[in-house]
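Counting along the first sequence from 1, when you hit position 254 you're at 254 in UniProt numbering, and nothing is skipped either side.
Worksheet: one structure, shown below.
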Amino acid sequence: MLVGKRSAFSIISLEAQKSLFSSSSSAASLSAVLDPFLPATESAPQETPFSPAPLHPRSFVSALVRCRSPAEVRKVHALATTAAMIDNLGVANKHVYIYAQHGALADAYALFSRMKERDNVSWSVIVGGFVKVGYYANCLQTFRDFVRSGLRIDNFTLPFVLRACRDTVSLRLGVEIHHLVFKAGLQSDLSVSAALVDMYARCGDVDDARKVFDRMPKRHMVTWTVMMSGYAECGNPEESLALFDRMRGEGVVPDKIATVTVAFACAKLGVMHKAKMIHDYVSSWNFSLNVILGTALIDMYAKCGSADDARVIFDRMKDRNVITWSSMISAYGIHGRGREALDLFPLMLQSSIRPNRITFVSILSACSHAGLVDEGRQFFHLMERDYSIKPDVKHYTCMVDLLGRAGKLSEALELSEKMTLEKDEGFWGALLGACRIHGNAVLAEKAAKSLLELRPRNSGYYVLLSNIYANAGRWEDVAEVRDLMASRSLRKTPGWTWIEINNETHRFGVGDKSHPQSKEIYETLKVLIEKLESAGYVPDTNFVLHDIDEELKAGFLYTHSEKLAIAFGLFATPESTTLRITKNLRVCGDCHTFIKLASSVMHREIIVRDAHRFHHFNGGGSCSCGDYW
DNA sequence: ACCGGTGCGT
Numbered sequence: 001m002l003v004g005k006r007s008a009f010s011i012i013s014l015e016a017q018k019s020l021f022s023s024s025s026s027a028a029s030l031s032a033v034l035d036p037f038l039p040a041t042e043s044a045p046q047e048t049p050f051s052p053a054p055l056h057p058r059s060f061v062s063a064l065v066r067c068r069s070p071a072e073v074r075k076v077h078a079l080a081t082t083a084a085m086i087d088n089l090g091v092a093n094k095h096v097y098i099y100a101q102h103g104a105l106a107d108a109y110a111l112f113s114r115m116k117e118r119d120n121v122s123w124s125v126i127v128g129g130f131v132k133v134g135y136y137a138n139c140l141q142t143f144r145d146f147v148r149s150g151l152r153i154d155n156f157t158l159p160f161v162l163r164a165c166r167d168t169v170s171l172r173l174g175v176e177i178h179h180l181v182f183k184a185g186l187q188s189d190l191s192v193s194a195a196l197v198d199m200y201a202r203c204g205d206v207d208d209a210r211k212v213f214d215r216m217p218k219r220h221m222v223t224w225t226v227m228m229s230g231y232a233e234c235g236n237p238e239e240s241l242a243l244f245d246r247m248r249g250e251g252v253v254p255d256k257i258a259t260v261t262v263a264f265a266c267a268k269l270g271v272m273h274k275a276k277m278i279h280d281y282v283s284s285w286n287f288s289l290n291v292i293l294g295t296a297l298i299d300m301y302a303k304c305g306s307a308d309d310a311r312v313i314f315d316r317m318k319d320r321n322v323i324t325w326s327s328m329i330s331a332y333g334i335h336g337r338g339r340e341a342l343d344l345f346p347l348m349l350q351s352s353i354r355p356n357r358i359t360f361v362s363i364l365s366a367c368s369h370a371g372l373v374d375e376g377r378q379f380f381h382l383m384e385r386d387y388s389i390k391p392d393v394k395h396y397t398c399m400v401d402l403l404g405r406a407g408k409l410s411e412a413l414e415l416s417e418k419m420t421l422e423k424d425e426g427f428w429g430a431l432l433g434a435c436r437i438h439g440n441a442v443l444a445e446k447a448a449k450s451l452l453e454l455r456p457r458n459s460g461y462y463v464l465l466s467n468i469y470a471n472a473g474r475w476e477d478v479a480e481v482r483d484l485m486a487s488r489s490l491r492k493t494p495g496w497t498w499i500e501i502n503n504e505t506h507r508f509g510v511g512d513k514s515h516p517q518s519k520e521i522y523e524t525l526k527v528l529i530e531k532l533e534s535a536g537y538v539p540d541t542n543f544v545l546h547d548i549d550e551e552l553k554a555g556f557l558y559t560h561s562e563k564l565a566i567a568f569g570l571f572a573t574p575e576s577t578t579l580r581i582t583k584n585l586r587v588c589g590d591c592h593t594f595i596k597l598a599s600s601v602m603h604r605e606i607i608v609r610d611a612h613r614f615h616h617f618n619g620g621g622s623c624s625c626g627d628y629w
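The structure is reproduced here in structure tokens:
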């Protein structure tokens, strides 16, 4: 990508130089172009047409900031050249800056390279210009020239270079720049250190980002935001939320962007009471939501388990873009409310919002979660026919999942054969799921092996393959997979279940006895199992495909983390309270049945979030996701 | 100079 951009640049650079040489002008056109830009004067109309008002550098600067296109900038540039004003450092810098603002980097650099004299502003403007349009190689090369020029590097250019390191994920280069920062004694500069934090965090080194962050004597909003964003992005949303609280504790008032970031973190965490807290905070402002913040809140509520709260935000928004609509569609989709998701589509069109690739991923995934086969097929065709959006792997993945779950394995396989795109992890995952539902061990084995090749470090796929062999009674193969896994020092990801009670999160593992109220939990569970068994519950070990050995043993089946969490929730909360449960892996089929029955027998609403979606159970025992187990 | 922010599959 960088190489492409670099070579593209050398081509346009030539063009720019051509245009620079060809731009000729006369004194007459000079005032004609500049006049509209000159501030209105109170002086009388010109008395002597032969002595035009003297041109001041400021006239060019104010003309430049009003330019609407590179072509206009070139005109002013030509005039400045004629008026010999381009040799004025301030005027030249402003030209370079304005060219860069319009993305005309070739023009900017052509001028920059011809400047007789350059100061820090010149360098900062050109280096920043390159970053802005993504010409990272040029940015870094120019920065090297800057360092060699002997001028003192300053706090204006460094953030741009650090941004180039961030965008290209070049940690080593970033560390080099960090050394330069120390050499220049700029480690306490607000913008430079904020850029350093951002660079480290986005290069995957949050610990060093945090070190820089902690050493800062003062921080501004951007610093807090990049640090929170770094934690959210690298899979530590808890710390992101903790920083948000700390920031508020220190009397810093988070702005919209900081709030968007923390909403994003909360969506990743999926903890409802935190979502409510963030929403309460937003409600305490008296200004309306902007598109980005509103959309972030929609997604946050959806991923914390409430499509209805997401809808409330959606309805209150004045402006909605394609991301807003897609998020709302997706919100219904992950909650198994496919019909409502699809109903949004015509409304979206009425609002003159054009669906894009991702909108259709959300639509198809909603169809799949709700079992809407015909609708899914229709949308799959319509997206290309009516919107010229060619289905990509993700769309095919949704379709394979949809058809597989709906019992149409052969159609799913047909589609898979027809697809010429390279099959990725997600696609094989969906195909595997479809094969497993239908007991097609041969194809399941193929899919699982592809997954092992694509993700040799993901222990989950070894477990799956091992289970496929076990189901087919191929015990030597089971042993082989286990050995392979052990030889790569991989272990099964432990299954955990979390439950939120009174704004507190409790975690359970299989057979967990570490909870302080363990005794009560096991007593409640025992009574519950008896109640459910008399209501027809039969423990089912056949579907426990994604959990393994220990958990499969009969004794453990009764103490699956989900069941412990449910038992705890039942005795720790009043009768009408909704139980919100999160599991890091998929909820197994037995637990699904168990929870469904439990919600019916105990007249409780239970919302389970697993690694992929939500399962809504209510007192009536129905699950709005449908049953595909 | 004006940084930091929103949606997608198993």
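Glycine included, C-beta positions come from ideal geometry on N, C-alpha and C.
All values reported here derive from a predicted model rather than from experimental measurement.
Could you tell me the distance, in whole angstroms, from the CA atom of D167 to the CA atom of L111? For the purposes of this step, residue 167 is taken as the residue at position 167 of the first sequence. For the purposes of this step, residue 111 is taken as the residue at position 111 of the first sequence. So the alpha carbons of these two residues sit roughly 26 Å apart.
Terminal residues of the continuous beta strand (DSSP E) containing K583? In the first sequence, counting from the first residue as 1, residue 583 sits at position 583. According to the DSSP assignment, K583 belongs to the beta strand (DSSP E) that extends over 579-583.
When you compare only the Cα positions, how much space is there between R613 and A302? The residue you call residue 613 lines up with position 613 of the first sequence. The residue you call residue 302 lines up with position 302 of the first sequence. Going by the C-alpha atoms only, they are around 10 Å apart.
Buried versus exposed, by CB contacts within 10 Å (16 or more), G128: Here residue 128 refers to the residue found at position 128 when the first sequence is read from its first residue. Label assigned to G128: buried.
Could you name the residues of the same chain whose beta carbon sits closer than 6 Å to that of E605, not counting the 5 residues immediately before and after it, in chain order? The residue given as residue 605 occupies position 605 in the first sequence. Excluding residues within five positions, the ones whose Cβ falls inside 6 Å are T578, N618.
In chain order, what residues of the same chain lie with their CB nearer than 6 Å to the CB of residue 633, ignoring the 5 residues before and after it? With the chain covering 1 to 629 only, the question about residue 633 has no answer from this structure.
Terminal residues of the continuous alpha helix (DSSP H) containing W496? Here residue 496 refers to the residue found at position 496 when the first sequence is read from its first residue. No alpha helix (DSSP H) contains W496, which DSSP labels as neither H nor E.
Simplified DSSP assignment, three categories, for E233: The count along the first sequence starts at 1 and reaches residue 233 at position 233. Note: E233 maps to helix in three-state DSSP.
Of the residues S124, V73, S122, which one's Cα is nearest the Cα of D107? In the first sequence, the residue the question calls residue 107 occupies position 107. When only C-alpha atoms are compared, the closest one is V73.
On a CA-only basis, which of Y200, F130, S62, A194 is nearest Y109? Give me that one, please. For the purposes of this step, residue 109 is taken as the residue at position 109 of the first sequence. Residue nearest to Y109 within the set Y200, F130, S62, A194 is F130 (criterion: CA-CA distance).
Endpoints, beta strand (DSSP E) assigned at T573: Against the first sequence, residue 573 aligns to sequence position 573. T573 -> no beta strand (DSSP E), and no H or E assigned at all.
Thinking just about the alpha-carbon of each residue, which of E530, P456, V192, A263 is nearest to the one in P159? Within the first sequence, residue 159 is the residue found at index 159, counting from 1. Each of E530, P456, V192, A263 was checked against the Cα of P159, and the nearest Cα belongs to V192.
Does H77 come out as helix, strand or coil in the three-state DSSP assignment? On the first sequence, residue 77 is found 77 positions in, with the first residue counted as 1. DSSP places H77 in helix when its eight states are reduced to three.
What's the C-alpha gap between N88 and P57? On the first sequence, residue 88 is found 88 positions in, with the first residue counted as 1. On the first sequence, residue 57 is found 57 positions in, with the first residue counted as 1. Their Cα atoms are separated by approximately 8 Å.
With H395 as the anchor, note down where its alpha helix (DSSP H) starts and where it stops. Counting from 1 along the first sequence, the entry for residue 395 is found at position 395. First-last of the alpha helix (DSSP H) with H395: 393-405.
Does the distance from the CB of S62 to the CB of V96 come in under 8 Å? Reading the first sequence from its first residue, position 62 is the one you call residue 62. Reading the first sequence from its first residue, position 96 is the one you call residue 96. It is not a contact, given that the beta carbons lie outside the stated cut-off.
Does DSSP put S25 in a helix, a strand or coil? The count along the first sequence starts at 1 and reaches residue 25 at position 25. In this predicted model, S25 has a pLDDT of only 34, less than 50, meaning its place in the structure is not dependable; the value taken from the coordinates is given anyway. Coil, per DSSP.
Give the single residue among N120, I334, L409, S534 whose Cα lies nearest to the Cα of L443. As a position in the first sequence, residue 443 is number 443, starting the count at 1. With distances taken between Cα atoms, L443 lies closest to L409.
Please tell me whether A209 and M227 are closer than 8 Å, where the distance is taken between their beta carbons. Residue numbering aside, residue 209 sits at position 209 when the first sequence is read from its first letter. Residue numbering aside, residue 227 sits at position 227 when the first sequence is read from its first letter. By the CB criterion at 8 Å, A209 and M227 fall inside the cutoff.
Since R436 is in the alpha helix (DSSP H), which residue starts that stretch and which ends it? Sequence index remark: in the first sequence, residue 436 carries index 436 (1-based). First-last of the alpha helix (DSSP H) with R436: 425-437.
For a quick check, are the C-beta atoms of residue 656 and R405 less than 8 Å apart? The chain is shown from 1 up to 629; residue 656 falls before or after that span and cannot be answered.
Have a look at Q517, R66, K211, L415 and flag the residue whose alpha-carbon is nearest the alpha-carbon of I98. Locating residue 98 in the first sequence gives position 98, counting from the first residue. Of the listed residues, the one whose Cα sits closest to I98 is R66.
CA-to-CA distance, C165 to A567, given in whole angstroms: Counting from one through the first sequence, the residue named residue 567 turns up at place 567. Counting from one through the first sequence, the residue named residue 165 turns up at place 165. Taking the straight line from one Cα to the other gives about 50 Å.
Contact belief for L403 with L421 at Cβ below 8 Å, rounded distance in angstroms: In the first sequence, the residue the question calls residue 403 occupies position 403. In the first sequence, the residue the question calls residue 421 occupies position 421. Between L403 and L421 a beta carbon distance of about 17 Å is seen, past the 8 Å cut, so the two are scored as non-contacting.
Of the listed residues V312, L342, I353, C304, nearest to N321 (C-alpha basis): By 1-based counting over the first sequence, the position of residue 321 is 321. For the residues V312, L342, I353, C304, the minimum Cα distance to N321 belongs to I353.
Can you tell me whether DSSP reads E504 as helix, strand or coil? In the first sequence, the residue the question calls residue 504 occupies position 504. Assignment of E504 by DSSP, reduced to helix, strand and coil, places it in the strand class.
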